[in-house]
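**Q** Here the sequence shown is numbered in our numbering, starting from 17 and rising by one per residue.
Sharing a structure with you now.
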Amino acid sequence: MERMQRVAGAVVGSAVGDALGGPFEFGPQGAFSARFPAPGIGGEMCGGGGWDPGEATDDTQMAVLVAESLLERGGLDLPDVFARFRRWAASEPKDIGLQTEDVLTNGMPWDLAAALHFQVNRRAAGNGSLMRASTSAVHFAAAGQEATMDAARSIAALTHGDRAAWEGTAIFQELVRVTLEGDDPLAALPGVLDLVHPDHRDRYATVLAPDWHPDRATEFNGAVWPCLGSAVWALRTTGSFEDALRAAIDLGGDTDTVAAVTGGLAGAYYGLDSVPDRWTRPLHVPLPGFDGRVLHLAELLHLARRLGG
């Protein structure tokens with residue numbers, strides 16, 4: 017498979033998972049399959065819960081903002097990324113995580129806002145930095161392992177002061193990088209875990225183990241480590257992009273983000289051609305705060321090619 021097939025698969029796959037899972041957020045287990053018992057019957061991009069059919073949520077909106085900053089600034093400009101996030105948050109998007117909203121609207125400088133939030137609240141290990149990482153994973157992959165994981169931590173730290181979020185995002189980006197090279201991300205996991213900060217390694221080793229199941233999670237999958245663990249489980253226990261997404265959404269809970277993370281991994285693994293057309297046709301990504309822009313599949317593919325070129 018050509019590398020660009022995997023690159024486009026990661027970016028588009030994450031957006032598809034986000035839009036597919038959004039209407040089922042905070043619902044019960046099995047809700048997606050109960051509504052759509054047979055794959056391929058159509059209508060799965062159903063909308064609901066405030067979302068139009070095929071509409072991507074804050075997960076993909078923030079991923080696009082990261083991508084456009086990386087491309088327009090010629091690399092990682094953390095103040096610029098934060099400024100775009102802040103402009104987006106000020107426009108009252110349909111959905112924004114409580115922690116992310118507080119960090120982006122508390123008026124503190126870009127390099128202090130998340131850290132101060134963590135000092136006050138002592139809780140900042142949500143999956144909000146993981147959900148937006150598909151585009152930065154693709155961009156930094158060519159620069160190698162260290163650059164990929166360092167960039168993940170830096171971008172995560174803009175909104176999440178807990179290092180657990182940094183490490184989970186770094187693991188995800190490295191797994192995408194490995195996959196873009198045509199290697200097996202599941203086989204790479206032991207080596208990736210060796211690069212995780214020692215304070216958080218055991219926690220991630222637990223949820224990324226071959227015998228772990230999301231039913232064994234001790235926290236809601238809105239937390240970063242069970243979210244990542246659920247995405248890896250979905251990839252490990254299924255045999256196609258479509259089946260991985262169905263399994264992820266059927267877990268219930270934070271379905272848009274678990275499916276976005278799953279879609280990023282599975283899209284890189286199986287390639288763009290594995291993503292059903294019936295899911296990509298209605299896909300669209302509004303960008304609140306940015307002059308009414310809406311990205312569709314063609315724009316996402318163009319973004320992916322620029323990021324991975």
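By construction, the Cβ of each residue, glycine as well, lies at the ideal position given by its N, Cα and C atoms.
Pull up the distance between the alpha-carbon of phenylalanine 236 and that of aspartate 200, whole angstroms please.
**A** 28 Å
**Q** If I'm right that threonine 278 touches leucine 261 with Cβ under 8 Å, what's the distance once you round it to whole angstroms?
**A** Rounded to whole angstroms, the Cβ separation of threonine 278 and leucine 261 is 6 Å, and the two are in contact under 8 Å.
**Q** Residues in its own chain within less than 7 Å of serine 85 by CB, not counting five upstream and five downstream?
**A** So the qualifying residues of the chain are Asp93, Asp96, Val97 and Arg100.
**Q** Taking the continuous alpha helix (DSSP H) assigned at histidine 155, which residues delimit it?
**A** 150 to 157
**Q** For glutamate 71, which three-state DSSP category applies?
**A** strand
**Q** For leucine 311, report the span of its beta strand (DSSP E) as first-last.
**A** 310 to 312
**Q** CA-CA distance, phenylalanine 134 and histidine 216?
**A** 17 Å
**Q** According to DSSP, simplified to helix, strand and coil, what is alanine 239?
**A** strand
**Q** Suppose you measure from the CA of arginine 19 to the CA of leucine 196; what does that come to, to the nearest Å?
**A** 6 Å
**Q** Relative to the C-alpha of glycine 113, which candidate in Trp126, Ala83, Val82 and Ser145 has its C-alpha closest?
**A** Ser145
**Q** What are the residues that DSSP puts in a beta bridge with histidine 216?
**A** Looking at the DSSP assignment, histidine 216 forms no beta bridge with any residue, so it has no partner.
**Q** Starting from proline 201, trace the alpha helix (DSSP H) both ways and give me its first and last residue.
**A** Counting along the chain, proline 201 sits inside the alpha helix (DSSP H) bounded by residues 201 to 209.
**Q** Alpha carbon to alpha carbon, how far is glycine 123 from alanine 129? Give it in angstroms, no decimals.
**A** 8 Å
**Q** Could you tell me the alpha carbon to alpha carbon distance between tryptophan 295 and alanine 158, rounded to whole angstroms?
**A** 29 Å
**Q** Let me make sure I understand the geometry here. Which of Val32, Gly280 and Met17 has the alpha-carbon closest to that of serine 152?
**A** Gly280
**Q** Is the CB-CB distance between methionine 61 and leucine 36 below 8 Å?
**A** yes
**Q** Assuming the contact rule is C-beta atoms closer than 8 Å, valine 223 and leucine 244 should be a hit. Round their C-beta distance to whole Å, please.
**A** 7 Å
**Q** Is it a yes or a no for the region 296 to 305 touching the region 102 to 119, going by three-plus beta-carbon pairs under 8 Å?
**A** Yes, the region 296 to 305 touches the region 102 to 119.
**Q** Within its chain, find whatever has a CB closer than 7 Å to the CB of glutamate 258; leave out the 5 residues flanking it on each side and keep chain order.
**A** The residues are Pro55 and Pro292.
**Q** Find the nearest neighbour of glycine 249 within the set Ala180, Leu202 and Pro206, judged by alpha-carbon distance.
**A** A quick correction: the sequence has tryptophan, not glycine, at residue 249. Nearest option by C-alpha distance: Leu202.
**Q** Taking just the CA atoms, how far does alanine 247 sit from glycine 287?
**A** 17 Å
**Q** Going by other Cβ atoms of all chains shown within 10 Å of its Cβ, with 16 needed for buried, is valine 212 buried or exposed?
**A** buried
**Q** Assign isoleucine 265 to one of two classes, buried (16 or more other C-beta atoms within 10 Å of its C-beta) or exposed (fewer than that).
**A** With 16 or more other CB atoms across the displayed protein chains lying within 10 angstroms of its CB, isoleucine 265 is buried.
**Q** Using alpha carbons as the reference points, say which of Gly33, Asp118 and Leu209 lies closest to glycine 142.
**A** Asp118
**Q** Tell whether a beta-carbon distance below 8 Å holds between valine 11 and threonine 76.
**A** Limits of the chain in this structure are 17 at one end and 325 at the other, which puts residue 11 out of reach.
**Q** Between arginine 219 and tryptophan 241, what straight-line distance do the alpha-carbon atoms span, to the nearest angstrom?
**A** 7 Å
**Q** First and last residue of the alpha helix (DSSP H) that includes valine 27?
**A** 19 to 37
**Q** Which first and last residues belong to the beta strand (DSSP E) in which proline 302 is found?
**A** 300 to 302
**Q** Where DSSP assigns a beta bridge to glycine 123, which residues make up the other side?
**A** Among the bridge pairs identified by DSSP, glycine 123 is matched with none.
**Q** Applying the criterion that 16 or more other CB atoms from any shown protein chain within 10 Å of the CB defines a buried residue, is glycine 160 buried or exposed?
**A** Exposed: under 16 other Cβ atoms inside 10 Å.
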